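Visitor: Submitted below is the structure of interest, expressed as C-alpha cells.
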Amino acid sequence: MVVIPAFGSPELTDGVVHDLCRDGSDLDPAVRIVVVDNAGDYVLPQGNIEVVRPGRNVRWIGAAKWALRTSAHEAYAVCAVLNNDIRLSPGFLDGLIAPFRAASDIALAAACYDDFWLHQRAHTIPQTAAEYVPRDVLRDVDFCDGTAIAFAVAPIVELGGLDEVTFARHGYGADIDLAIRVRAAGLRCVVTEGVYVSHLRRQTMNRTGQSSEGNRAEILNGLNAKWGDGWRAQVGLAPESFPAHNTGSGASWYLTPPTW
C-alpha cells in the first residue's frame, strides 16, 4: 500500500502521481495507491489511484496512522508513506520495497535523497530524480526520515506504530521515536541507494503556517518526554543537534558524521 498525504499544492501531488504512473505502479493489482487529501479539494489528474478525504487536516501523522491501520486490516506486508513535495527516481516503488524481500528483520526502509540528514543523502545528487543512477547499496542507519519511508506492517503495528499522542501537532519526531523502538526490538532501519527522491522542502509547512521553530519544539518536547536526555545518543546524534534556529552544519549534528 502507498499513501501520499497532501494539503493543497496540487501541482506537487500531481508530480508524485505522475512518477508512480510512469512506472506503472498504479496498474499493479497487488498495489493500492491512495492520496489522503487533507484539504478536500484535490482532483486526480491520472492513474488508477484513490483519493480519500478525511474531512479535516489529519496532517502527516494522521495520514500515516491511517495508512498503517488500513494496511494491517487489508493484509498488506509493506506500507509506504510518501510526502507530496518529492519527485521519485524511476522504478521507485519496486526499489523501495526490495529491502523487505531481501531480509526479514528490516522494519523501516527509506529512499536516499538530497536533504539534510547525511546518513540518508545520496552518494551522488543528480540534477533531477529522473536522472538518478541506482546503486545496489543498503545502509543500516539509526533512524529513517519520514519524507519517503516504508514500514513492515506487522512488526510496526506490534510495536505500537507511530505515536500520534506525543507527536500530535504534525508528527515531527515520530519517525525518530519509532526507530528507537524498532532497534530496541532487534529490528533494522535501512536506507536504500536503489531509489532516490528529490525533496522540495517546506512546501506544505509554508501553506499551513508551520514554522521551523514549532517543528523543532515538537521534536524536542516529544522525544525528551519519552526518552529523556539520552535519546540523541541512541540515534547517533550529538548533544548540539537541534539547536535553535537550525544553526550548524549537518555534520555537526552527528556524534560521528556518516560517510558513504
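Positions 117 to 376 (my numbering) are the ones given, in order, by the sequence shown.
Virtual Cβ for every residue (Gly too), placed ideally from N, Cα, C.
In this text, all values refer to a predicted model and were calculated from it rather than measured experimentally.
Would Gly338 be called buried (16 or more neighbouring beta carbons within 10 Å of its own) or exposed?
Guide: Taking the sequence shown and counting its residues from 1, one reaches residue 338 at position 222. Gly338 is buried by the Cβ-count criterion.
Visitor: Helix, strand or coil for Leu303? Go by DSSP, reduced to three states.
Guide: Translated into positions along the sequence shown, residue 303 becomes position 187. DSSP places Leu303 outside both helix and strand once states are collapsed to three, so it counts as coil.
Visitor: Pick from Thr186, Val257, Asp293, Arg332: whose alpha carbon is nearest that of Val281?
Guide: As a first step, residue 281 must be located in the sequence shown, where it is residue number 165. Out of Thr186, Val257, Asp293, Arg332, Asp293 has the C-alpha closest to the C-alpha of Val281.
Visitor: For a test of the three-state rule: what should DSSP assign to Glu166, helix, strand or coil?
Guide: Walking along the sequence shown from the start, residue 166 turns up at place 50. Glu166 falls in the strand class under three-state DSSP.
Visitor: With a CB to CB cut of under 7 Å and the five nearest residues on each side skipped, what residues in its chain are close to Arg169?
Guide: For this step, residue 169 is matched to residue 53 along the sequence shown. So the qualifying residues of the chain are Asp153, Gly156.
Visitor: Would the region 165 to 184 and the region 229 to 247 be scored as touching if the rule is three or more Cβ pairs under 8 Å?
Guide: no
Visitor: Based on Cα-Cα distance, which residue from Ala238, His239, Pro250, Val197 lies nearest to Leu224?
Guide: The count along the sequence shown starts at 1 and reaches residue 224 at position 108. Checking every option, the nearest Cα to that of Leu224 belongs to Val197.
Visitor: What are the start and end residues of the beta strand (DSSP E) that includes Leu204?
Guide: Translated into the one-based positions of the sequence shown, residue 204 becomes position 88. That run of the beta strand (DSSP E) goes 202 to 204.
Visitor: Contact check, Trp343 vs Ile296 under 8 Å by CB: the rounded distance?
Guide: If you number the sequence shown from 1, residue 343 lands on position 227. If you number the sequence shown from 1, residue 296 lands on position 180. Here Trp343 really is in contact with Ile296; their C-beta atoms are around 7 Å apart, less than 8 Å.
Visitor: Looking at the structure shown, is Asn322 part of a helix, part of a strand, or coil, going by DSSP?
Guide: In the sequence shown, counting from the first residue as 1, residue 322 sits at position 206. Model confidence at Asn322 stands at a pLDDT of 49, short of 50, so the residue's coordinates are unreliable and nothing is read from them.
Visitor: Spatial neighbours of Ala333 within its chain, please: CB distance less than 6 Å, with the 5 preceding and 5 following residues excluded, ordered by chain position.
Guide: Mapped onto the sequence shown, residue 333 falls at position 217. Once the five neighbours on either side are set aside, Ala333 has no close Cβ partner at all.
Visitor: Should Asp135 be labelled buried (16 or more other beta-carbon atoms within 10 Å of its own) or exposed?
Guide: Residue numbering aside, residue 135 sits at position 19 when the sequence shown is read from its first letter. Buried, because 16 or more other Cβ atoms sit within 10 Å of the Cβ of Asp135.
Visitor: Buried or exposed, going by whether 16 or more other CB atoms sit within 10 Å of the CB of Leu143?
Guide: Start at 1 with the first residue of the sequence shown, and residue 143 comes out as number 27. It counts as exposed.
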